[in-house]
Amino acid sequence: MTFPHIICLAINAAGDLFAGAVDGIFRSTNNGDSWIPIKAGLDNLSVNTIVIDSSGYILVGTTWSSYGSGVFRSIDNGDSWQRITMPDSYVYSLAISPNRHVFAATNCCRNVGLQTGGIFRSLDKGESWKRVYENGDRVGGLAINRRGHLFAIGSIEGVVLSTDDGESWKSANSGLENAITLTLALNSREHIFAGTWWSGIFRSTDQGESWAAINSGLTSSAIWSFAVDAQDYVYAGDDSGRVFRSAEPTSVKEFGDRAPTHFALGQNYLNPFNPSSTFSFSLPRPSFVSLEIYNLLGEEVATLVHERRAAGEHPVQWQANGLPSGVYVYRLRAGEFVQSKKLLLMR
1 MTFPHIICLA INAAGDLFAG AVDGIFRSTN NGDSWIPIKA GLDNLSVNTI
51 VIDSSGYILV GTTWSSYGSG VFRSIDNGDS WQRITMPDSY VYSLAISPNR
101 HVFAATNCCR NVGLQTGGIF RSLDKGESWK RVYENGDRVG GLAINRRGHL
151 FAIGSIEGVV LSTDDGESWK SANSGLENAI TLTLALNSRE HIFAGTWWSG
201 IFRSTDQGES WAAINSGLTS SAIWSFAVDA QDYVYAGDDS GRVFRSAEPT
251 SVKEFGDRAP THFALGQNYL NPFNPSSTFS FSLPRPSFVS LEIYNLLGEE
301 VATLVHERRA AGEHPVQWQA NGLPSGVYVY RLRAGEFVQS KKLLLMR
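Per my numbering: the sequence shown = residues 1 to 347.
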C-alpha cells in the first residue's frame, strides 16, 4: 500500500488491518493486498492512533478535524464513527490496559492556547478523563504490556514507564538517548519496539532497561507506526506511505526450536496469593484466547485475556484488588480447548 504518510496501524482479532493516515483511515480484509477508505464521521482529519478493545470496538485519536480533535469510536468495524468526550487536544496515541482503562497521549489544548500536553486516563471507556502525566510539550506513543505496565514517549524524557496505572513514572530510555522516538509496540513476548526519526527500529527485551537497533533489511529510517499480528510479525509504516513487514516472526527464536505441542493451562504462582498472581498457558498454534476468573457462585470477576495470541508460552499477571479472600476459578478457552483450575486469595 502507498498512501501519503501512514501514521498508525492496527489489527483486529479477525485479521483485518487498519491504517490511519493524514487523510483518514483505511481498512484491508485481505492481508493488505487492497484497501478501502472508512471515513463516515471522520471527515477532514488526520488519524494518529488506532486501538481495538477486546470486545471489538475501535478507538482512534485525531487532529485537524473540522469537528474538533479528539477521540472517535466505532462499534461496527469502522463502517461509522462517533466522537466521544475528550479534552480538546491533539491525540497522538491511545492504549488500553488489561483492566480496560484507556490512556490517551496528547498535545496542546487548542481552545485555550496553552501547551498542556500529557497523558489522560479514562476508567469508563472515554466518558470521563483525568490527566496522569503532565508535560509542556507533545507526548507521543503509548504501549501497555499484559501486566499493565505503561510505556510512553515524553518529548523531553524519551521513553518513560509507569507500573501503577499512570500514577508515577520513571525513565526507560537507556540506548535511545540519541534517537527521537516516535512510536512504540509490543509483541507476545512483551519485547518492546521503538520506531524513531532517522534511526530506524530499536528493540528492548528487558522491559525498557536497554535498547538495541534491529535495522537489517530495513530500507527506511523514519518509522512512524507499528502493528504486530497474531504470528508476531511486526508491520512498520514510514513517513513516505510505505509498510514494511519483519522477515520472520519476531518471537520465534525466543520460543526455542519448537512451539508447544499441545494446549495447556498452568497452575498459578503464587498460590495462595495476595494480591497478585501469575498464570501461564501454552498454545501449539495461533488461537483466539479467553482467560477469565470466576467466583464460586459462577460470576465472572475478571477477564485477563480476550484476543488472538501467537503460538508459544504466555504469562499473564492478575491483580485481585478489591476482591475478598476465597477460592476462585480461572478458565482458559482456546478454540475447542477448555481447561479450568482453582486458586486461593488470602488477605
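Just so you know, even glycine gets a beta-carbon here, dropped at the ideal spot from N, CA and C. This structure is a prediction, so every number in the text was calculated from the model and none was measured.
Practice task
Please list, in chain order, all residues of the same chain as phenylalanine 279 whose beta carbon is under 6 Å from its beta carbon, the five residues on each side excluded.
Solution key: Mapped onto the sequence shown, residue 279 falls at position 279. Once the five neighbours on either side are set aside, the close Cβ partners of phenylalanine 279 are Asn268 and Val316.
Q | leucine 45 to arginine 331 span [Cα, whole Å] | A | Position 45 of the sequence shown holds residue 45. Position 331 of the sequence shown holds residue 331. Between leucine 45 and arginine 331, the C-alpha separation is close to 43 Å.
Hey, quick one: how far does the beta strand (DSSP E) through tyrosine 330 stretch, first residue to last?
Residue 330 sits at position 330 when you count from the first residue of the sequence shown. Judged by DSSP secondary structure, tyrosine 330 falls within the beta strand (DSSP E) whose first and last residues are 326 to 334.
_Nearest neighbour of glycine 15, chosen from Gly237, Ile38 and Ala230 [CA to CA]_ = Position 15 of the sequence shown, counting from 1, holds the residue named residue 15. Considering only alpha carbons, the answer is Ala230.
Just the C-alpha distance for leucine 291 and arginine 308, rounded to the nearest angstrom, thanks. On the sequence shown, position 291 is the one that residue 291 refers to. On the sequence shown, position 308 is the one that residue 308 refers to. Cα to Cα, leucine 291 sits roughly 11 Å from arginine 308.
_Three or more C-beta pairs under 8 Å: does that hold for the segment 190 to 208 against the segment 170 to 180?_
Yes, the segment 190 to 208 is in contact with the segment 170 to 180.
In the DSSP assignment, what residue or residues form a beta bridge with proline 37?
Locating residue 37 in the sequence shown gives position 37, where the first residue counts as 1. DSSP output for proline 37 lists Phe26 as bridge partner(s).
Report task. Starting from the N-terminal side, write out each stretch of the beta strand (DSSP E) that is 3 residues or longer and does not extend beyond the segment 194 to 256. Result -> Counting only runs of 3 or more, we get 201 to 204, 223 to 228, 234 to 238 and 243 to 245.
Taking the C-alpha atoms as reference points, what is the distance between asparagine 107 and alanine 310? Taking the first residue of the sequence shown as 1, we reach residue 107 at position 107. Taking the first residue of the sequence shown as 1, we reach residue 310 at position 310. Asparagine 107 and alanine 310: Cα-Cα distance of roughly 34 Å.
Quick check: the segment 29 to 41 against the segment 320 to 336, are at least 3 beta-carbon pairs closer than 8 Å? Remark: fewer than three beta-carbon pairs, one from each stretch, lie closer than 8 Å, so the segment 320 to 336 and the segment 29 to 41 are not flagged as touching.
Task: Nearest to valine 47 (by Cα), restricted to the options Trp211, Leu59 and Asp53 - done: In the sequence shown, residue 47 corresponds to position 47, counting from 1. Closest by alpha carbon: Leu59.
Tell me the DSSP secondary structure of serine 97 in three-state form. Along the sequence shown, read from residue 1 onward, the residue named residue 97 stands at position 97. Serine 97 falls in the coil class under three-state DSSP.
Check for me: the beta strand (DSSP E) holding alanine 13 runs from which residue to which?
As a first step, residue 13 is located in the sequence shown; it is residue number 13 there, counting from the start. Boundaries for alanine 13: no beta strand (DSSP E) harbours it, and the DSSP string shows neither H nor E there.
Check: Just curious, the beta strand (DSSP E) that glutamine 82 is in, first and last residue?
Finding: Position 82 of the sequence shown, counted from the first residue, corresponds to residue 82. First-last of the beta strand (DSSP E) with glutamine 82: 82 to 84.
Three-state secondary structure (DSSP) of leucine 270: Within the sequence shown, residue 270 is the residue found at index 270, counting from 1. Leucine 270 sits in coil when the DSSP states are folded into three classes, being neither helix nor strand.
Notebook entry, point to check: So, is asparagine 274 buried or exposed, given that buried needs 16 or more other C-beta atoms within 10 angstroms?
Noted result: As a position in the sequence shown, residue 274 is number 274, starting the count at 1. Result: exposed.
Practice prompt. Using three-state DSSP, classify arginine 308 as helix, strand or coil.
Written response: Here residue 308 corresponds to residue number 308 of the sequence shown, with the count starting at 1. In the structure shown, arginine 308 sits in a strand (DSSP, three-state: E or B).
Backbone secondary structure at threonine 181 - three-state DSSP: Taking the first residue of the sequence shown as position 1, residue 181 is located at position 181. The answer is strand: DSSP assigns threonine 181 an E or B state.
Does proline 284 get closer than 8 Å to chain B when you measure Cβ to Cβ? Of the protein chains in the structure, only one exists, and it is not chain B.
**Prompt:** With distances taken from CA atoms, which of Asp232, Gln319 and Phe193 is nearest isoleucine 223?
**Reply:** Within the sequence shown, numbered from 1, the residue matching residue 223 stands at position 223. Per the Cα distances, Phe193.
Review point. Measuring CB to CB, does leucine 9 end up less than 8 Å from serine 204?
Key: Working through the sequence shown from its first residue, we reach residue 9 at position 9. Working through the sequence shown from its first residue, we reach residue 204 at position 204. Not closer than 8 Å, so no.
- Item | contact_flag[the segment 83 to 99, the segment 121 to 130] where n(CB pairs < 8 Å) is 3 or more | The answer is yes - the segment 121 to 130 touches the segment 83 to 99, with three or more Cβ pairs under 8 Å.
- prompt: Taking the Cβ atom as the reference point for each residue, do serine 97 and isoleucine 52 lie within a distance shorter than 8 Å?
  reply: The residue labelled residue 97 in the question sits at position 97 within the sequence shown. The residue labelled residue 52 in the question sits at position 52 within the sequence shown. It is not a contact, given that the beta carbons lie outside the stated cut-off.
Practice item. Compute the distance between the beta-carbons of histidine 306 and leucine 283, then report whether it is under 8 Å. Key: Stepping through the sequence shown from its first residue, residue 306 is reached at position 306. Stepping through the sequence shown from its first residue, residue 283 is reached at position 283. A distance of 8 Å or more separates the beta carbons of histidine 306 and leucine 283.
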